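**Student:** The structure's right below; bear with me while I get my questions together.
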Amino acid sequence: ASKFKREKQFHDDIFSYLNEEERFPDIIIKEREIASGKVDLTVLEVPIELKLDKIGDDFERIIASNYQQLQQYCSDLNSTFGFLAILTTHLQEAPYFRKAEDIRLKIIRGGDFPIILVSILIRGGKKISPSKL
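Quick note on numbering: the sequence shown equals residues 1 to 133 in UniProt numbering.
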């Protein structure tokens, strides 16, 4: 499957998990259109961007390439927080447990309010299908 199809499956899987039994139809919104684009998910007005990437150890690159967009989404939604979740398809060497550096925070000041951007790397440990989460 193409990267686009696999990333869409990742989006669908996360949305299904968060919105199990459709208990929160007004709280969890998938592919929400806002002034600056389409946010993958919003939960209580907090933007969540979901990415699928074979990044290996290049976590910084994908964070840097997405922070500005996520910051704009936060501004558009008047949200103090924004989340970037990246599922890596990179084949991991054992042990492939979570590492402290798999979660990054960036605080941006200077606008109407500070924005805290949280990036989380989800390590599959092996090549996995997003639907196997």
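In this text, a Cβ means the ideal position worked out from N, Cα and C, and glycines have one as well. In this text the structure is predicted, and so the values were computed from the model without any measurement.
Hey, how far is the Cα of Leu84 from the Cα of Arg23?
**Tutor:** Walking along the sequence shown from the start, residue 84 turns up at place 84. Walking along the sequence shown from the start, residue 23 turns up at place 23. Whole-angstrom Cα-Cα distance: 24 Å.
**Student:** For the alpha helix (DSSP H) that Glu60 lies in, which residues bound it at each end?
**Tutor:** Numbered from its first residue, the sequence shown carries residue 60 at position 60. It spans 59–77 - the alpha helix (DSSP H) in which Glu60 sits, taken as one unbroken run.
**Student:** Expressed to the nearest angstrom, what Euclidean distance is found between the alpha-carbon atoms of Ala100 and Ile120?
**Tutor:** By 1-based counting over the sequence shown, the position of residue 100 is 100. By 1-based counting over the sequence shown, the position of residue 120 is 120. Using only the alpha carbons, I get a separation of about 10 Å.
**Student:** Spatial neighbours of Gln72 within its chain, please: CB distance less than 8 Å, with the 5 preceding and 5 following residues excluded, ordered by chain position.
**Tutor:** For the purposes of this step, residue 72 is taken as the residue at position 72 of the sequence shown. Excluding positions up to five away in sequence, the list reads Ser36, Gly37.
**Student:** Give a yes or no on contact between the segment 104–121 and the segment 74–88, applying the rule of three or more CB pairs nearer than 8 Å.
**Tutor:** yes
**Student:** Tell me which same chain residues have a C-beta within less than 7 Å of the C-beta of Tyr67, skipping the five on either side of it?
**Tutor:** As a first step, residue 67 must be located in the sequence shown, where it is residue number 67. Taking C-beta separations shorter than 7 Å and ignoring five residues to either side along the sequence, the partners of Tyr67 in its chain run Lys106, Leu117, following chain order.
**Student:** Which word fits Ser65, buried or exposed, when buried means at least 16 other C-beta atoms lie within 10 angstroms of its C-beta?
**Tutor:** Translated into positions along the sequence shown, residue 65 becomes position 65. Looking at its Cβ environment, which holds fewer than 16 other Cβ atoms inside 10 Å, Ser65 is exposed.
**Student:** Return helix, strand or coil for Lys54, following the three-state DSSP convention.
**Tutor:** Position 54 of the sequence shown holds residue 54. In this structure, Lys54 counts as coil in the three-state DSSP scheme.
**Student:** Is it true that the CB of Val43 sits closer than 8 Å to the CB of Ile27?
**Tutor:** What you label residue 27 is simply residue 27 of the sequence shown in a count that begins at 1. What you label residue 43 is simply residue 43 of the sequence shown in a count that begins at 1. Going by C-beta atoms, Ile27 is nearer than 8 Å to Val43.
**Student:** Quick check on this structure: which residue in Asp102, Phe59, Ser75, Ile103 has the alpha carbon closest to the alpha carbon of Arg109?
**Tutor:** Here residue 109 refers to the residue found at position 109 when the sequence shown is read from its first residue. Out of Asp102, Phe59, Ser75, Ile103, Ser75 has the C-alpha closest to the C-alpha of Arg109.
**Student:** Once you ignore the five residues that flank Gln69 on each side, which residues in its own chain have a CB closer than 8 Å to its CB?
**Tutor:** By 1-based counting over the sequence shown, the position of residue 69 is 69. Excluding positions up to five away in sequence, the list reads Ser36, Gly37, Glu49.
**Student:** Compute the Euclidean distance between the alpha carbons of Lys5 and Asp12, then round it to the nearest angstrom.
**Tutor:** Within the sequence shown, the letter at position 5 stands for residue 5. Within the sequence shown, the letter at position 12 stands for residue 12. If I take the Cα positions, the gap works out to 10 Å.
**Student:** Measuring only the C-alpha atoms, how far is Gln14 from Asp112?
**Tutor:** To locate residue 14, count along the sequence shown from 1; it is residue 14. To locate residue 112, count along the sequence shown from 1; it is residue 112. This sequence places Ile at residue 14; Gln is not what is there. If I take the Cα positions, the gap works out to 31 Å.
**Student:** What separation, rounded to the nearest whole angstrom, lies between the Cα atoms of Thr89 and Ile103?
**Tutor:** Here residue 89 corresponds to residue number 89 of the sequence shown, with the count starting at 1. Here residue 103 corresponds to residue number 103 of the sequence shown, with the count starting at 1. If I take the Cα positions, the gap works out to 17 Å.
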